[in-house]
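Visitor: Going by my numbering, the first residue of the sequence shown is number 234, and it counts up by one from there.
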Amino acid sequence: MASLRFFGGVNEIGGNKILLEDGDARVWLDFGEPFEIGSEYYTGWLQPRSNNVLGDLLEFDLLPRLRGLFAERLLRNTGMDYCEPEFDAVFITHAHFDHVNHLGFLDPEIPVYTGTGTKLFMEAMERTSNYTDYGEHEYRCFRTGEKIRVGDLELEPIHVDHSIPGAYGYIIHTSGGSLVYTGDMRAHGPKQEMTEEFLEAASEAEPDAMISEGTRMAPRERRRNLSEAQVLEGVERVCAQADRDGKAIVYTHGPRDMDRLRTFYEAAGGCGRQLVINPKTAHLLLRLVEDEHLDLPDPQRDDRIAVYYRRKRSCEYQETDYYVWEREFMDRMVTAEEVRRRPTDYLINVGFYSFTELIDIRPEMGSHFVYSMSEPFNEEDLEAQVMHNWLRHFWLRYHQLHASGHMSREELEEAIGRVNPGKLFPVHTENPQMFTRVHERAVLPVLGKIYEL
Ligand SMILES: [Zn+2]
Ligand SMILES: [Zn+2]
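1. Using the Cα positions of residue 644 and residue 409, report the straight-line distance between them to the nearest angstrom.
2. If you draw a straight line from the alpha carbon of residue 464 to that of residue 496, how long is it in whole angstroms?
3. Which residues in the same chain as residue 569 place their Cβ atom closer than 7 Å to its Cβ, once the five residues preceding and following it in sequence are excluded?
4. From the DSSP secondary-structure annotation, give me the bridge partner or partners of residue 504.
5. How would you write the range of the alpha helix (DSSP H) that residue 349 sits in, first residue to last?
6. Which whole-angstrom value describes the C-beta separation of residue 558 and residue 360, a residue pair presumed to lie in contact below a C-beta threshold of 8 Å?
7. Determine the closest residue to residue 675 out of 681, 620, 666 and 682, with distance taken between C-alpha atoms.
8. Identify, in the order they occur along the chain, each residue of the same chain with its Cβ nearer than 8 Å to the Cβ of residue 384, setting aside the five sequence neighbours on each side.
9. Could you name each continuous alpha helix (DSSP H) segment of 4 residues or more that falls completely within the region 473–499, going from the start of the chain to the end?
10. Would you check whether ligand 1 has a heavy atom nearer than 7 Å to the C-beta of residue 247?
11. Taking residue 373 as the reference, which of 358, 365 and 353 has the closest Cα?
12. Whose C-alpha, out of 380, 328, 467 and 459, is nearest the C-alpha of residue 400?
13. Please confirm if the region 266–283 is in contact with the region 298–305, defined as three or more CB-CB distances below 8 Å between the two stretches.
14. Keeping to the same chain, check which residues put their C-beta closer than 6 Å to that of residue 629; ignore five residues upstream and five downstream.
15. Can you tell me the Cα-Cα spacing of residue 436 and residue 671, whole angstroms?
16. Identify every run of the beta strand (DSSP E) within the region 570–603, keeping only runs that are complete inside it and at least 3 residues long; order them along the chain.
17. Helix, strand or coil for residue 324, going by three-state DSSP, please let me know.
18. Are three or more beta carbon pairs between the region 288–299 and the region 414–424 nearer than 8 Å?
19. Going by the DSSP bridge assignment, what does residue 276 pair with across the sheet?
20. In its own chain, which residues sit with a C-beta less than 7 Å from the C-beta of residue 769, not counting the 5 before and 5 after it?
21. Our contact map puts residue 661 next to residue 446 with C-beta atoms below 8 Å; I'd like the distance itself, whole angstroms only.
22. Which residues does DSSP list as the beta-bridge partners of residue 374?
23. Counting C-beta neighbours from all protein chains within 10 Å, is the total for residue 452 16 or more, i.e. buried, or is it exposed?
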């Protein structure tokens, strides 16, 4: 008999860790980190020790205490003994933090299945971030529609549209019937036909159960929701206005949202400005152009792209000031001085954590700032307050333009109706109880409990 256990993504958005067992086969669906892991115990500078992270998380049951799961070298001082792996594989839906970030704790002997694009994202992250380490694993890359057998299980990944390329849902055949897992998905994005394909296949499978994300399942929509095309129109309007006034445009968006990057790239091209990205994004793009399915601009060849270098070490933009991976784009360099001198030549990306660059760029009063991310949930959001203080200090005009990576409540309800599963397990949501109104057999998962399919 096949069964499910939920060790993350329960009553929270993100942190999915779902264990599927069928006879001898034991596989994980995602192995992510919750966005606010352990906030009851860890805060500010009080954080798990870097040499004992696993033990310091297990102390508060913030990870599943299961045998044969964790890497031997991390088990010291945890009170758990090492044993050979007792899990067959991990199947990843996409490369967002809340779906992959705890892979680093796993026994390297447990193979990890990802989409080809997802693997490129993960490699770029490990190369360019000092805080990302997914550990050593045997990676097995798939493409949409491939069928993968693990014991009695057969898993079929099918692409979906989400705010990161290379996202998948799964259709899984078990001895207890078939199961659909959505991962994260949206219906209104530029690649909506992929989600459509997934839902079509999911409905044809006549699944006995469905694990559905529910990010936007909320009593009322708190945010304005645009499509990607509407975001583009909005950015184009800002560009036209900035061209008329001869002003700079600064923007920020989710670092892995390549649809959004393409939107800014198109808007920049439309008004004859160069898109200025940071070396980290340039490195990511350089990796992603390897996957021709993604159809992204090449940061080393495309003249419409330039790369912003901030002053480091010598403060004189010398090659040795930068990491090796950062040096690959130095012939495309744009500096703060250049942006200041020719504000209308560029559309420049400055993320919130790099706002100190604004001190060097010193955009003229009345320049534009496009915040292309979701608005904070509440007015007490400290970062939002700080951001607006900076914008006021530099007299920047604020524009918020964003399209969500997730289905709206209506779209989700329609999708579930179409797939029409026997049972419905809501995950990745703060409002699982709302699913009981969508489906008569909605099962609200409890952390660690066993559910037969
Ligand atoms: Zn997620
Ligand atoms: Zn996601």
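The C-beta atom is built at its ideal place from N, Cα and C for all residues, glycine as well.
Guide: For this structure:
1. Residue 409 has its alpha-carbon roughly 28 Å from the corresponding atom of residue 644.
2. So the two alpha carbons sit approximately 8 Å from each other.
3. For residue 569, same chain residues with a beta-carbon under 7 Å away, outside a window of 5 residues either side, are 590, 593 and 594 in chain order.
4. The partner list for residue 504 (beta bridge, DSSP) is empty, contrary to what the question assumes.
5. If you look at residue 349, you'll find it in the alpha helix (DSSP H) that goes 349–361.
6. Under the criterion of beta carbons closer than 8 Å, residue 558 and residue 360 qualify as touching, at roughly 6 Å.
7. That would be 666, whose Cα lies nearest to the Cα of residue 675.
8. Excluding residues within five positions, the ones whose Cβ falls inside 8 Å are 255, 256, 257, 258 and 321.
9. Counting only runs of 4 or more, we get nothing.
10. Checking the Cβ of residue 247 against ligand 1 gives yes.
11. Closest option to residue 373, judged by alpha-carbon separation, among 358, 365 and 353: 353.
12. Taking only the C-alpha atoms, the option nearest residue 400 is 328.
13. The region 266–283, when compared against the region 298–305, does not touch it at the 8 Å Cβ threshold.
14. Answer for residue 629: 600 and 602, listed in chain order.
15. Rounded to the nearest whole angstrom, the CA to CA distance from residue 436 to residue 671 is 16 Å.
16. You should have 579–582.
17. Collapsing the DSSP output to three states places residue 324 in a strand.
18. Cβ pair count under 8 Å is below three, so no.
19. In the DSSP output, where bridge partners are listed per residue, residue 276 has 279.
20. Lying before the first or after the last residue shown, residue 769 is absent from the chain, which here runs from 234 to 686.
21. That belief holds up - the Cβ atoms of residue 661 and residue 446 are roughly 4 Å apart, short of 8 Å.
22. Bridge partners of residue 374: 347.
23. Burial call: exposed.
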